[in-house]
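Colleague: Chains as they are written, first to last, in the working numbering: chain G, 1 to 298; chain P, 299 to 578; chain B, 579 to 1018.
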Amino acid sequence: MLVGWTKRCFKGKRSLFLFILPITLYMVVFFLYPVIYGIFISFYDYSLGSPRTFIGLQNYVLLTHDNQSINSLFTTAIFVASAVLSQLVLGLGIALLLNYEGKTMNIIRTGILLPTVFTPLVGGLVWKALYHPDLGLITYYLQALGINIGRGLTVERSTALFSVVLVDIWQWTPLMVIIILAGLKSLPREPYEAGMVDGASSWHLFQYITLPLLRPILGVALLIRSLDAMKIFDIIWAITGGGPGTATTVTNLRIYEVGVQHLRIGYASALSNVLLVLGVITGVLFFHFLYSKKYGGM
Amino acid sequence: MTPLQSHRLKNRLLWGLRVLTIGAVVCFFLFPIYWVFATSFRERIDMFRLPPQWIFKPIWDNFKYIFRTMPVSQWALNSSVISVGTMMLSLLIGVPAGYAFSRVKFRGKRVLLTFILLTRAIPPLVIALPFRVMMQWVGLFGTRTAVILIDSVYNAAFTAWLMSGIFESIPVDLEEAALIDGCSPIQAFWRIALPLSKPGLVTSALFAFIFSWNDFLFALTLTSPSTATLPLGMLSTYGVMSIGWTYMTALGCIAIIPVIVLSLLLQRYYVSGLTFGGVK
Amino acid sequence: MKPWKKLVGLLLIVCFTMVSITLLGITQEKPYKGTVLRLASMADQYADYLKVLGEKFEEVSGAKVEVDILGYTELYAKITSDYATDTKLYDLATVDIVWSGGFAQKKWTVDLTPLILRDYVELDVPDILPVMWTQGSWEGKQVAFPMAGYANSLIYRKDLFDDPEEKVAFKAEYGYELRLPRTMDEMRDVATFFTRPDENLFGLVANGARGPAVAQDWMEYMRAFGGQIVDEEGNVVVNSPECLAALEFFVDIFDKWAPPGAIGYWWDDRETTYRIGQSIMQSSWSIARAGYEDPAISLVFGKTAMGVTPTVPGVLPRLGFGGWGIGINADIDPERQAAAWAFIKWITTPEIQKEWMLHDGAPIRLSTLLDPELNAKMPWLSTMLKLFIHGDGEYRPRLPEYSQIQSILGLCVNQAITHELTPKEALDKAAEEIKALYSK
Chain G
1 MLVGWTKRCF KGKRSLFLFI LPITLYMVVF FLYPVIYGIF ISFYDYSLGS
51 PRTFIGLQNY VLLTHDNQSI NSLFTTAIFV ASAVLSQLVL GLGIALLLNY
101 EGKTMNIIRT GILLPTVFTP LVGGLVWKAL YHPDLGLITY YLQALGINIG
151 RGLTVERSTA LFSVVLVDIW QWTPLMVIII LAGLKSLPRE PYEAGMVDGA
201 SSWHLFQYIT LPLLRPILGV ALLIRSLDAM KIFDIIWAIT GGGPGTATTV
251 TNLRIYEVGV QHLRIGYASA LSNVLLVLGV ITGVLFFHFL YSKKYGGM
Chain P
299 MTPLQSHRLK NRLLWGLRVL TIGAVVCFFL FPIYWVFATS FRERIDMFRL
349 PPQWIFKPIW DNFKYIFRTM PVSQWALNSS VISVGTMMLS LLIGVPAGYA
399 FSRVKFRGKR VLLTFILLTR AIPPLVIALP FRVMMQWVGL FGTRTAVILI
449 DSVYNAAFTA WLMSGIFESI PVDLEEAALI DGCSPIQAFW RIALPLSKPG
499 LVTSALFAFI FSWNDFLFAL TLTSPSTATL PLGMLSTYGV MSIGWTYMTA
549 LGCIAIIPVI VLSLLLQRYY VSGLTFGGVK
Chain B
579 MKPWKKLVGL LLIVCFTMVS ITLLGITQEK PYKGTVLRLA SMADQYADYL
629 KVLGEKFEEV SGAKVEVDIL GYTELYAKIT SDYATDTKLY DLATVDIVWS
679 GGFAQKKWTV DLTPLILRDY VELDVPDILP VMWTQGSWEG KQVAFPMAGY
729 ANSLIYRKDL FDDPEEKVAF KAEYGYELRL PRTMDEMRDV ATFFTRPDEN
779 LFGLVANGAR GPAVAQDWME YMRAFGGQIV DEEGNVVVNS PECLAALEFF
829 VDIFDKWAPP GAIGYWWDDR ETTYRIGQSI MQSSWSIARA GYEDPAISLV
879 FGKTAMGVTP TVPGVLPRLG FGGWGIGINA DIDPERQAAA WAFIKWITTP
929 EIQKEWMLHD GAPIRLSTLL DPELNAKMPW LSTMLKLFIH GDGEYRPRLP
979 EYSQIQSILG LCVNQAITHE LTPKEALDKA AEEIKALYSK
């Protein structure tokens, strides 16, 4: 809900402008410039160590023929959708489970954040060890249970992406849980009391009161997680290196391949800009969905 | 069975189910962390032994080794400096901005806010190179300051956004009263709004700290060997021919302790901090 | 002149000379005092001791060398961006043999040829095995100095090959004596014979993980079949019949003889499976040899032998050579370059090389490999010497485009072994993409 100053405090408006200044300046210098550079360099054929040549939109044209890069966009989309939706559902479920008072609950709620605060790259490497096709604990126990996992979860094309999604779920669901818990705590009591008086079951209460009231918070969590998931790199690089074949090559990994391994900075920037545009579109769609229905504006 | 008895049974079953599920959830999330701790205390050859030995005698060799041969305290110091620096800079820039966003209506605000949140949409790899060149121009390449500067880009944005939500949930009446009494808006902010927003401040600070503490990409691109951070240290044990698993996990243990301590100390703040922050 | 004045004069001259000599001596002793050099090193087994050497160098010369240990891809990324953006972050770096062409072409590291000629005697150049110079040489330039020589060989479990029961069983099944395979067909027999999944035993293992791991391992087999990536005229021949045969064999490794997880193996995984006794043969680099004898990480100490990798009939056995050279950043000031060169000279002296060998180093000198004390501790040195003498530095192409070629092969070969593509499709695709690199 928006709170505006009344006319008699217009003086306040001016001095508060000072509050906006630092962040604007900071963003322009340290953020806008690199972004503009990224756009600028995508119009060049620039191989690190050699002089660069202007080639206009050539990089983007090449991208449309580049199967690996296009596939990486699809892989990224699948990754984001499955990871983020799972985190949302699981997060909601777990939050409901833990939404009780008590010392044990407190400890569990703190402890459960550990995956999120553990260094992501190392977390990925740890899962790599657990997933190890011959010596990993996961492989060992799954095979002991008689489940056929082919040669290993991370090396079969059918299960590789899923195994990486699982690691992302492991890392970020706790954050979802905490956010949703916070939201649950702030829910007003009256609708529930009214509902119960009317004889609604707990499932109905959940469906018609909890969910709609949580919607803004779920939406924001979804937005942030989606944008972050689009940039996934650390764990995939650590666990599968993009393989087997191209099964887990997400766009950020492809950018790394092209930019750092092939040293083709211009081309990498072009792909990066495509990802950026997709991210912007996602963000804008989210904002539209979240804020225009519920509120008149910010 | 009487209806009361069956009701009690149902309740007990549900409760049992709940306990089991929570247990499974906790196992899933905490097992890899346990594995990290366990591996740090055993020999590398024992790591991959199957069937796995759950009970073993812990050894300190790995920790001794890493402290003897690696600049662990240097890494920890660098990580701390960078994290604290980012935390302070992000707060300094982001909190006032968040306040202004919530209190002042101006054109283009929605755009600016969207723009700020969309810092998260940029693949960091491509920002890294031009930022690096920029740091070279001003002679800051290889310093911890460079890392603080770029980490703050992300964290200031997040802080501004989070704090704007927090401030919006604080009723404006107190500040208006103060203004009528003759306070300047800045004083109103400093004396009234800010103290009320403590949970949000703590949350933002904590997030900024953890982001920088665990960051790997920017530290890799912008630091020199003397300013390397703990994540880079962990990566250095990951050779290609010979992975120092036990050393890596030992470092991982060391790295996570400050984070755990901080989280424990501040947990009551960030839960409520997120309540206000995300909703509106 | 009065006699006593002469005496005083003489005394003064003597004193002056003595003082000058002393002063000269003091400054000579630590010519680089106060300089701090930074070295980026690959995280291979030799790196830990390289760090120690960096500190020791201060006592000798006054210059301190700080060693930063990085993984393969991080090392490459960090030093290439350092050189390209002129940030002078690292004065020295370990240079993979295959990066020679790229570094020379882009003039990223200093051409050491004039320095080598100048200090020819001091370096005792003839003592350095000829093949070692391929670590850093390209079109007449020497952009890295030999530092750690790796020999590629077939590693196998001698104890199993010598076991009488195994010998009897093998002869009964295949009709000839069990011995180190000399041809690829014999390799197939031995690998099949020793693949017993129920006993958790596997005949032959290789890297399968997408990326440099699978590319480099495949290239070793490519050589064994007589294949090349680019022939002498510069044509791309990676899809030649020889290479195709090599890839088909390679695919068989994963289908028939390697542990199931090998399809995702990096070097350390492959070494681990050998060290715990699960796999009994692998094509590997000599740097890992000492590790097999270390009880802290190996269960097969005392059981290993090194042999020449078999080939197909008509192809001469090629003894793979690889390893790391050490290069000087071309952007840094002449004084720092001089200090860096002093460090290089120092760590490659016979005494330091011997010391290093005792701490997981890799040799470059004949004298090191012939040293009696070392040979007593590491009996495989004589085999390594033979491998080096006949070693082939062109085992893997050291072309400027190497890292891109490796990346292309890293994907195509992985797609072949996962049966996403047939071997023929995979190599045709690789050939097309490599040709595209050259047509730019």
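Positions of the beta carbon are idealized from the N, C-alpha and C atoms, including for glycine.
Because the structure is a prediction, the values reported are computed rather than measured.
Would arginine 430(P) pass as an interface residue toward chain B - the criterion being a Cβ-Cβ separation below 8 Å?
Modeller: Counted from its first residue, the second sequence places residue 430(P) at position 132. By this cut-off, arginine 430(P) is an interface position.
Colleague: Would you mind stating whether alanine 458(P) and isoleucine 23(G) have Cβ atoms separated by less than 8 Å?
Modeller: Translated into the one-based positions of the second sequence, residue 458(P) becomes position 160. Translated into the one-based positions of the first sequence, residue 23(G) becomes position 23. Against a cut-off of 8 Å, the Cβ pair of isoleucine 23(G) and alanine 458(P) comes out as a contact.
Colleague: When the distance is taken between beta carbons, is glycine 150(G) closer than 8 Å to methionine 230(G)?
Modeller: Residue mapping note: residue 230(G) aligns to position 230 of the first sequence, counting from 1. Residue mapping note: residue 150(G) aligns to position 150 of the first sequence, counting from 1. No; because the gap between Cβ atoms is not below 8 Å, this pair is not in contact.
Colleague: DSSP puts methionine 725(B) in a beta bridge; with which residues?
Modeller: As a working note, residue 725(B) is residue 147 in the third sequence. Paired residues: none, contrary to the question.
Colleague: Starting from the beta carbon of proline 523(P), find every residue of chain B whose beta carbon is closer than 7 Å, and list them in chain order.
Modeller: The residue given as residue 523(P) occupies position 225 in the second sequence. Near proline 523(P) (Cβ distances below 7 Å), the residues of chain B are Arg616, Glu644, Asp646.
Colleague: If you scan the region 624-662 of chain B from start to end, which runs of the alpha helix (DSSP H) of 4 or more residues do you find wholly inside it?
Modeller: Within the region 624-662 of chain B, the complete alpha helix (DSSP H) runs of at least 4 residues are 625-639, 650-662.
Colleague: Measuring straight from C-alpha to C-alpha, what distance separates proline 790(B) and isoleucine 107(G)?
Modeller: Counting from 1 along the third sequence, the entry for residue 790(B) is found at position 212. Counting from 1 along the first sequence, the entry for residue 107(G) is found at position 107. Whole-angstrom Cα-Cα distance: 44 Å.
Colleague: Sorted by chain position, which residues of the same chain lie with C-beta nearer than 8 Å to isoleucine 70(G)'s C-beta, five sequence neighbours on each side aside?
Modeller: Within the first sequence, numbered from 1, the residue matching residue 70(G) stands at position 70. Contacts found: Leu63, Thr64.
Colleague: Which residues does DSSP pair with glutamine 720(B) in a beta bridge?
Modeller: Position 142 of the third sequence, counting from 1, holds the residue named residue 720(B). According to DSSP, which records beta bridges pairwise, glutamine 720(B) is partnered with Ser715(B).
Colleague: Would you kindly work out how many angstroms separate the C-alpha atoms of threonine 76(G) and lysine 1013(B), rounded to a whole number?
Modeller: Looking up residue 76(G) in the first sequence gives position 76. Looking up residue 1013(B) in the third sequence gives position 435. Their Cα atoms are separated by approximately 29 Å.
Colleague: Considering only the beta carbon of each residue, do asparagine 907(B) and tyrosine 668(B) sit closer than 8 Å?
Modeller: Your numbering for residue 907(B) matches position 329 in the third sequence. Your numbering for residue 668(B) matches position 90 in the third sequence. For asparagine 907(B) and tyrosine 668(B), yes; Cβs fall inside 8 Å.
Colleague: For isoleucine 239(G), tell me which candidate among Ala940(B), Glu644(B), Arg788(B) has the shortest Cα-Cα distance.
Modeller: Position 239 of the first sequence holds residue 239(G). It is Arg788(B) whose Cα lies nearest to the Cα of isoleucine 239(G).
Colleague: Taking the straight line between their C-alpha atoms, what separation do you get for glycine 603(B) and valine 586(B)?
Modeller: Numbered from 1 along the third sequence, position 25 holds the residue referred to as residue 603(B). Numbered from 1 along the third sequence, position 8 holds the residue referred to as residue 586(B). At glycine 603(B), the pLDDT of 47 sits below 50, so the modelled position is not reliable; the number obtained from the coordinates is stated separately. If I take the Cα positions, the gap works out to 25 Å.
Colleague: Please confirm whether glycine 649(B) has its beta-carbon closer than 8 Å to some beta-carbon of chain P.
Modeller: As a working mapping, residue 649(B) is identified with position 71 in the third sequence. Interface residue, yes.
Colleague: Counting only beta-carbon atoms, is glutamate 1010(B) nearer than 8 Å to chain G?
Modeller: Locating residue 1010(B) in the third sequence gives position 432, counting from the first residue. Not closer than 8 Å to any Cβ of chain G, the Cβ of glutamate 1010(B) fails to qualify, so no.
Colleague: Is isoleucine 552(P) near valine 370(P), with beta carbons less than 8 Å apart?
Modeller: By one-based count along the second sequence, residue 552(P) stands at place 254. By one-based count along the second sequence, residue 370(P) stands at place 72. Yes. Within cutoff.
Colleague: Would you say proline 120(G) lies against chain P (beta-carbon separation less than 8 Å)?
Modeller: Along the first sequence, read from residue 1 onward, the residue named residue 120(G) stands at position 120. Chain P contact via Cβ: present.
Colleague: Along the region 836-847 of chain B, what residues have a CB closer than 9 Å to any CB found in chain G?
Modeller: Residues Pro837, Pro838, Gly839, Ala840, Ile841, Gly842, Tyr843, Trp844, Asp847.
Colleague: If we ignore side chains and look at the alpha-carbon of each, how far apart do methionine 797(B) and aspartate 234(G) end up?
Modeller: On the third sequence, position 219 is the one that residue 797(B) refers to. On the first sequence, position 234 is the one that residue 234(G) refers to. Cα-Cα distance, rounded: 28 Å.
Colleague: For serine 534(P), decide whether its Cβ has a neighbour in chain B, counting only Cβ atoms nearer than 8 Å.
Modeller: Taking the first residue of the second sequence as position 1, residue 534(P) is located at position 236. Answer yes: the Cβ-Cβ gap between serine 534(P) and chain B drops below 8 Å somewhere.
Colleague: Is there a Cβ of chain G sitting closer than 8 Å to that of alanine 444(P), yes or no?
Modeller: Position 146 of the second sequence, counted from the start, is the residue given in the question as residue 444(P). No, no contact with chain G.
Colleague: Checking contacts by CB at 8 Å: is histidine 65(G) closer than that to chain B?
Modeller: If you number the first sequence from 1, residue 65(G) lands on position 65. Output row for histidine 65(G): interface = no.
Colleague: Could you check which residue in Pro838(B), Arg943(B), Val893(B), Gly901(B) has the C-alpha nearest to that of tyrosine 624(B)?
Modeller: As a working mapping, residue 624(B) is identified with position 46 in the third sequence. When only C-alpha atoms are compared, the closest one is Gly901(B).
Colleague: When you compare each of Gly804(B), His997(B), Leu987(B), Glu637(B) to glycine 892(B) by their alpha carbons, which one comes out closest?
Modeller: Counting from one through the third sequence, the residue named residue 892(B) turns up at place 314. Looking at the Cα atoms, Gly804(B) is the closest of the given residues.
Colleague: Select from the region 153-173 of chain G all residues with a C-beta closer than 7 Å to any C-beta belonging to chain P, and list them in chain order.
Modeller: Against chain P - using a Cβ distance shorter than 7 Å - the residues of the region 153-173 of chain G are Trp170.
Colleague: So within the region 139-185 of chain G, which uninterrupted beta strand (DSSP E) runs reach at least 3 residues, ignoring any that extend past its ends?
Modeller: List check, beta strand (DSSP E) in window: nothing returned.
Colleague: So, does the region 826-838 of chain B touch the region 982-996 of chain B, judging by three or more C-beta pairs under 8 Å?
Modeller: Verdict: yes, contact present.
Colleague: On the criterion of 16 or more Cβ atoms from any shown chain inside 10 Å, does alanine 1004(B) qualify as buried, or is it exposed?
Modeller: Here residue 1004(B) corresponds to residue number 426 of the third sequence, with the count starting at 1. Under this definition alanine 1004(B) is a buried residue.
Colleague: Which residues, taken in chain order from the region 251-271 of chain G, show a beta carbon closer than 7 Å to some beta carbon of chain B?
Modeller: Here the close residues are Glu257, Val260, Gln261, His262, Leu263.
Colleague: Report buried or exposed for tyrosine 332(P), applying the criterion of at least 16 other Cβ atoms within 10 angstroms of its Cβ.
Modeller: As a working mapping, residue 332(P) is identified with position 34 in the second sequence. It is exposed - the Cβ of tyrosine 332(P) has fewer than 16 other Cβ atoms within 10 Å.
Colleague: Which value, in whole angstroms, describes the spacing of the CA atoms of serine 619(B) and lysine 666(B)?
Modeller: Mapped onto the third sequence, residue 619(B) falls at position 41. Mapped onto the third sequence, residue 666(B) falls at position 88. Their backbone Cα atoms lie some 15 Å apart in a straight line.
Colleague: Can you tell me whether methionine 345(P) is helix, strand or coil according to DSSP?
Modeller: Counting from 1 along the second sequence, the entry for residue 345(P) is found at position 47. Helix.
Colleague: With DSSP collapsed to three states, give me the class of phenylalanine 329(P).
Modeller: In the second sequence, counting from the first residue as 1, residue 329(P) sits at position 31. Phenylalanine 329(P) falls in the helix class under three-state DSSP.
Colleague: Taking the straight line between their C-alpha atoms, what separation do you get for isoleucine 169(G) and glycine 812(B)?
Modeller: Here the question's residue 169(G) lines up with position 169 in the first sequence. Here the question's residue 812(B) lines up with position 234 in the third sequence. Computed Cα separation, rounded: 49 Å.
Colleague: Is it the case that the Cβ atoms of leucine 530(P) and leucine 518(P) are separated by a distance below 8 Å?
Modeller: Within the second sequence, numbered from 1, the residue matching residue 530(P) stands at position 232. Within the second sequence, numbered from 1, the residue matching residue 518(P) stands at position 220. Yes, Cβ-Cβ distance for leucine 530(P) and leucine 518(P) is below 8 Å.
Colleague: List the residues of chain P that aspartate 626(B) touches, going by C-beta distances under 7 Å, in chain order.
Modeller: Stepping through the third sequence from its first residue, residue 626(B) is reached at position 48. Here the neighbours are Thr367.
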